[in-house]
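Every number in the numbering used here is 17 more than the matching position in the sequence shown, counting from 1.
Glycine is no exception: its CB is placed at the ideal position from the N, C-alpha and C atoms.
Down below is the structure, laid out as C-alpha cells.
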Amino acid sequence: MSTDSNINLEVSVTKSMAKGHNNSELFSLRTLKIMYRKLSARTKLGVVVGLIILWFVCRRFYYSHSINMADIDGSEGIHTGNKGLHFKNRRFILDGKPLWILSGAMHYFRVVPEYWKDRMLKMKAGGLNTLETYVSWNLHEPLPGLFDFEGILNLRKYIELAQEIGLYVILRPGPFICSEWDFGGMPSWLLKDPAMKVRSTYGPYQAAVKRFLGKLLPMVEDLQYSKGGPIIAVQVENEFGSYSREVEHLKFIAETLRYHGIQELLVTSDNEQGQSQAPFHHVALPTVNFKEMTETSFKDIKEWGPDYPLMVMEYWSGWFDHWGTEHNTETVEFHGNIVGNLLKENININFYMYHGGTNFGFMAGANNFGSYKADVTSYDYDAPISEAGDVTPKYIKTRDLILQYVLKPQGITNLPEPPPSIPKAAYGQVTILDYLPWTDVLQFVEESVNNPDVLPMEMLTLKSGYGQSYGFIVYQKNINNGGNLVLPVPIKDRAQILLNSQEVGIVEPNANSASIRLATAQSLNVLDIVVENLGRVNYITQGSNLLNEERKGLSGTVTLNELPVKDWKIYPLDFNKDFIKRLSSSTKWLQFGGVVSRPAVYKTNVVINGQPTDTFLNMMGWKKGIVIINGFNLGRYWDIGPQKTLYVPGPVLKSGVNEIIIFEQHHGQGHITFQSTHDLGPVKSN
C-alpha cells in the first residue's frame, strides 16, 4: 500500500469518525490527525492496518450480540440455546415434553433467608412447578460500583435452593421492577444527575444498567436450565409498554442479557393496554398482567402469531395497601372463580404474589396518579401464603384447582402436605426504659452538609457525592425572630416543623401550600424542618415524567416573613447500621419517665428464653415512626392504618436479651406489646 493511499484512507477514516461529533470531539480528531502526519510511512501503515482490524472486530462484536428484529416462526430466534424452554402451537416445551407453567412470585429480599426453604416447600406442596422473583437493583448496588449479594440478598443461594426443592425459576432482573418497591427497584443515586431519564436510551442510565447487569448476570449465568440450573426464562425490563414506546431500550436490555450469556427464553410482561405500545414479540415472548381475564386480554398475542403460549405473568392474587386506607382482601370464591377460568383455558399462570413478605426498612414504594399514596410496611398482598408464611384458605382453594384441572388429568391424584406453620409467640408487654431527646439525636449523624439553600436528599454532597437514599432529611437553621414560614411545594413527602424541638406544624403529602406561623419566645431559636421520604413512586404511565422527578425533601427557597432563609445545616437521618450502633452505645440515654411529646428515640429490650419464634409488634398508643430490633429495621408504623402490627420474623430475634430501638416522630408511650396474631387493619373485600 502506497503512502498516498495511506493518506487517502486516513482522510476517509477521519471524515467517517467525525460524522455527527461535536466541536470538542472534532478538535480531538484534528489533533490526532496532526500527530498522525508526523509519523513515518511505516508507522502510518501500521496505524491504518490496526484501525481496519479494530473496525472489523467491533463490527463482528456488534452483530454477534445484537438482536434480530425480524419476524420469527414459533420460538426460533427468541430462545437461542440448544436446550431449554421453547414453544410451539401455544404450548411450552421443555426436554421435548409439554410444560404447563404454574408459578408463584416470592421475592428473596422480602423474606428472611432462614424462611426461604419453608416458603418454597409450601409452593411445591401447593402444586406449583416454578418460582418467580424480581431482582432489587437498589439493594444490590447501594452506591455506584458498590455491590452487596450477602444475607437476604444472596440471590444465587436462593436460586440454588429452588432447584434443590424441584422448582424451575423465572428470573426478572429488571432493571426496573415496579413491585411496590421504592423507585421500582432502581437506585436513588441515579437522580443525582439532574438530566436523568430512567428507563430510556439516555446514555448515563444505560451505562449504570450495564454495570449492574454486568455484575449480576455472571453470578447466575451457570444456573440456567441449558447449563444444568433451574432458570428457564428471563424477563426483559417490566411493564415497559405502559411507560414508553422506546423499543430501542428493550433491545438494549435484551442485547445486554445475551452478551452476558443468557441463553434461556426471553419474556416481557405488560398489561393489556401496554402490550401494543412497545411490541417486542419478535425478540421476547409476550405475557400479560391482570386481575381478571377478559375476552381481549390475549388479543394482541393471539394476533401476533399462532405459536405463542398464553401466559399471565402477573395474575394479581390480591392487592397491596396504602397508608390511610383499608386492608385489601378478596373472597376465596372470587379468587377461585378467576383461577378456575384460567386453568380451564390452559393458561400458564404466575401468581403475583404467592407469598408477598414484607417491605422491611424504608423499601415500601408509592403511587401518584394525581395524589401521592405511600405503601404500608406489610406486603401480605392477601396472597395464598400470608406475610408470616401461613397457608390460607386461598392457598387450599388454589391447590385444589390445580389438582382438578392440571394434575389429576395427568394421573397425579394428590400432593404432599405443606410444612406446618411456624409457631407464633406472644412475648407480652415490654416497658420502655430509656430515651434520647431530639436535641441529642442529631449529634450522632456522622456527616452533615452546609448549604446556602435547601436541597433534596439525592443532591447532597455525601457518600462520594451520591447523596442520601432513604429515611429523613433535617434542615436546621438558627433564627432570632418568628413570623410566617413558607416552605416550597411540593414537599416530598411529609414535613414536620420543630421550633426549639417542639412541634409547631405538620405538612402532609399532597399539600398545595405550606405556611406555618412561628411564635418565638427567645432571642435565639433552632428551627428544624424534618422531611420524611415515605417511598418513591414505583409505577407511572406514558406521558408522566414523575420517575425522573422523585427527589425527596425540599427543593426551592424557604421564606420567613417573605424573605429567603439562607445558610442551612442539613442532616441525613437515614438510620443506617453505623448510626444505629452509635445510638445504641451512647452514654447520653435518659431514663424514661413518662410521655414525651416531641420526636425522640426510645430504647428497651425483651428477654427471650429458649429458641425465639415469630411474633407481631403492636404499637398502639404510638403515632408514627420506625422500629429496629437487634439492628434490623422492621419498617414503619403509623396510627392512620390500616396496618396495626409489625411482623417480627423469629430469626431477627435471639435467645436472651433483644435490643429494641424506636424512633417516634410525635409522642412516645410507656410500653409496646408483642402478640401472637397479626392485625393488618379494617378489611376492604371484593
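Exercise. Cβ of Pro401 within 8 Å of Cβ of Lys411?
Worked result: One-based indexing of the sequence shown puts residue 401 at position 384. One-based indexing of the sequence shown puts residue 411 at position 394. Yes.
For this session: Report the partner residues of Gly638 according to the DSSP bridge assignment.
Result: Taking the sequence shown and counting its residues from 1, the one referred to as residue 638 is at position 621. Answer is none; Gly638 lacks a bridge partner.
Problem set entry | Alpha-carbon spacing of Asn626 relative to Lys509, whole angstroms | By one-based count along the sequence shown, residue 626 stands at place 609. By one-based count along the sequence shown, residue 509 stands at place 492. Each residue's Cα considered, the two are about 43 Å apart.
For this session: Go ahead and pull the three-state DSSP assignment for Trp198.
Result: Residue numbering aside, residue 198 sits at position 181 when the sequence shown is read from its first letter. It is a strand residue.
For this session: List the endpoints of the continuous beta strand (DSSP E) containing Ile689.
Result: Mapped onto the sequence shown, residue 689 falls at position 672. Its beta strand (DSSP E) spans residues His688 to Gln692.
Exercise. Based on Cα-Cα distance, which residue from Leu274, Leu477 and Asn550 lies nearest to Arg228?
Worked result: Position 211 of the sequence shown holds residue 228. When each option's Cα is compared against that of Arg228, the closest is Leu274.
Exercise. Which two residues bound the contiguous alpha helix (DSSP H) that contains Met213?
Worked result: Your numbering for residue 213 matches position 196 in the sequence shown. Note, Met213: premise wrong, no alpha helix (DSSP H); not H, not E.
For this session: Kindly indicate which three-state DSSP category Trp333 falls into: helix, strand or coil?
Result: Locating residue 333 in the sequence shown gives position 316, counting from the first residue. Three-state result, Trp333: strand.
Problem set entry | DSSP state of Asn155 mapped onto helix, strand, coil | One-based indexing of the sequence shown puts residue 155 at position 138. Asn155 falls in the helix class under three-state DSSP.
Exercise. Which of helix, strand or coil does DSSP assign to Thr415?
Worked result: As a working note, residue 415 is residue 398 in the sequence shown. Thr415: helix per DSSP, three-state reduction.
Exercise. Are at least three pairs of beta-carbons, each pair with one atom in the stretch 581 to 596 and one in the stretch 465 to 472, less than 8 Å apart?
Worked result: yes
For this session: Compare the C-alpha of Ser540 against each of Asn647, Gly378, Glu549 and Asn517 and name the closest.
Result: Locating residue 540 in the sequence shown gives position 523, counting from the first residue. Checking every option, the nearest Cα to that of Ser540 belongs to Asn517.
Exercise. Is Leu502 buried or exposed, if buried means 16 or more other CB atoms sit within 10 Å of its CB?
Worked result: As a first step, residue 502 is located in the sequence shown; it is residue number 485 there, counting from the start. By the 10 Å Cβ count, Leu502 comes out buried.
Exercise. On the three-state DSSP scale, how would you describe Pro401?
Worked result: Along the sequence shown, one-based indexing puts residue 401 at 384. Coil at Pro401, not helix or strand.
Problem set entry | Which of helix, strand or coil DSSP assigns to Arg108 | Position 91 of the sequence shown, counted from the first residue, corresponds to residue 108. DSSP places Arg108 in strand when its eight states are reduced to three.
Problem set entry | Uninterrupted beta strand (DSSP E) stretches inside the stretch 444 to 510 (no shorter than 3 residues) | 445 to 448, 451 to 454, 466 to 468, 489 to 496 and 500 to 503
Problem set entry | Unbroken alpha helix (DSSP H) run spanning Ile182, endpoints | To locate residue 182, count along the sequence shown from 1; it is residue 165. Unbroken alpha helix (DSSP H) run through Ile182: Leu172 to Ile182.
For this session: Answer yes if the stretch 366 to 378 comes into contact with the stretch 314 to 323, meaning at least three C-beta pairs across the two stretches below 8 Å, and no otherwise.
Result: no
For this session: Would you give the residue range spanned by the beta strand (DSSP E) that Phe307 belongs to?
Result: The sequence position of residue 307 within the sequence shown is 290, counting from 1. Counting along the chain, the beta strand (DSSP E) containing Phe307 begins and ends at Leu302 to Phe307.
Exercise. Shortest alpha-carbon distance to Gln660 belongs to which of Asp696, Leu634, Ile646 and Glu149?
Worked result: Start at 1 with the first residue of the sequence shown, and residue 660 comes out as number 643. Per the Cα distances, Asp696.
Exercise. Roughly how many whole angstroms lie between the Cα atoms of Val506 and Gly552?
Worked result: Taking the sequence shown and counting its residues from 1, one reaches residue 506 at position 489. Taking the sequence shown and counting its residues from 1, one reaches residue 552 at position 535. Each residue's Cα considered, the two are about 17 Å apart.
Problem set entry | Supposed close pair Glu289, Val305 - CB separation, criterion 8 Å | Residue 289 sits at position 272 when you count from the first residue of the sequence shown. Residue 305 sits at position 288 when you count from the first residue of the sequence shown. Sure, about 6 Å apart at Cβ, within 8 Å.
Exercise. Can you name the start and end residues of the alpha helix (DSSP H) that Arg599 belongs to?
Worked result: Within the sequence shown, residue 599 is the residue found at index 582, counting from 1. Counting along the chain, the alpha helix (DSSP H) containing Arg599 begins and ends at Lys594 to Ser601.
Exercise. Which partner residues does Asp631 have in the DSSP bridge list?
Worked result: Translated into the one-based positions of the sequence shown, residue 631 becomes position 614. The partner list for Asp631 (beta bridge, DSSP) reads Lys441.
Problem set entry | Counterpart residues of Asn367 in DSSP-defined beta bridges | Reading the sequence shown from its first residue, position 350 is the one you call residue 367. Paired residues: Ser120.
Problem set entry | Gln485, buried or exposed, once every other Cβ within 10 Å from all chains shown has been counted against 16 | By one-based count along the sequence shown, residue 485 stands at place 468. With 16 or more Cβ atoms within 10 Å of its Cβ, Gln485 is classed as buried.
Exercise. Going by the CB atoms, is the gap between Gly113 and Val152 shorter than 8 Å?
Worked result: Counted from its first residue, the sequence shown places residue 152 at position 135. Counted from its first residue, the sequence shown places residue 113 at position 96. No.
For this session: Determine the direct distance from the alpha carbon of Leu116 to that of Ile248, and round the result to whole angstroms.
Result: Taking the sequence shown and counting its residues from 1, one reaches residue 248 at position 231. Taking the sequence shown and counting its residues from 1, one reaches residue 116 at position 99. So the two alpha carbons sit approximately 14 Å from each other.
Exercise. What separation, rounded to the nearest whole angstrom, lies between the Cα atoms of Gln460 and Leu600?
Worked result: Walking along the sequence shown from the start, residue 460 turns up at place 443. Walking along the sequence shown from the start, residue 600 turns up at place 583. Cα to Cα, the separation comes out at about 10 Å.
Exercise. Going straight from the alpha carbon of Leu156 to that of Asn529, what length do you get?
Worked result: Counting from 1 along the sequence shown, the entry for residue 156 is found at position 139. Counting from 1 along the sequence shown, the entry for residue 529 is found at position 512. Straight-line Cα distance between these residues: approximately 33 Å.
For this session: State yes or no: is the C-beta of Tyr185 within less than 8 Å of the C-beta of Tyr125?
Result: On the sequence shown, residue 185 is found 168 positions in, with the first residue counted as 1. On the sequence shown, residue 125 is found 108 positions in, with the first residue counted as 1. No, the pair does not count as a contact, with Cβ atoms beyond the cut-off.
Exercise. Do Tyr369 and Glu404 come within 8 Å of each other at the CB atom, strictly closer than that value?
Worked result: Indexing the sequence shown from 1 puts residue 404 at position 387. Indexing the sequence shown from 1 puts residue 369 at position 352. No, Cβ-Cβ distance for Glu404 and Tyr369 is not below 8 Å.
For this session: Within 10 angstroms of the Cβ of Asn578, are there 16 or more other Cβ atoms? Answer buried if so, exposed if not.
Result: Along the sequence shown, read from residue 1 onward, the residue named residue 578 stands at position 561. Exposed is the call here.
Exercise. Any idea which residues DSSP pairs Trp585 with across the strands?
Worked result: As a first step, residue 585 is located in the sequence shown; it is residue number 568 there, counting from the start. Answer by DSSP bridge pairing, in chain order: Asn468.
For this session: Please work out which residues of its chain come closer than 8 Å, Cβ to Cβ, to Trp147, disregarding the five sequence neighbours upstream and downstream, and give them in chain order.
Result: Residue mapping note: residue 147 aligns to position 130 of the sequence shown, counting from 1. For clarity, residue 147 is Thr in the given sequence; the question names Trp instead. Excluding positions up to five away in sequence, the list reads Ile118, Leu119, Ser120, Gly121, Leu184, Tyr185, Val186, Ile187, Ile249 and Asn367.
Exercise. Would you call Met123 buried or exposed, if buried means 16 or more other Cβ atoms sit within 10 Å of its Cβ?
Worked result: By one-based count along the sequence shown, residue 123 stands at place 106. Buried, because 16 or more other Cβ atoms sit within 10 Å of the Cβ of Met123.
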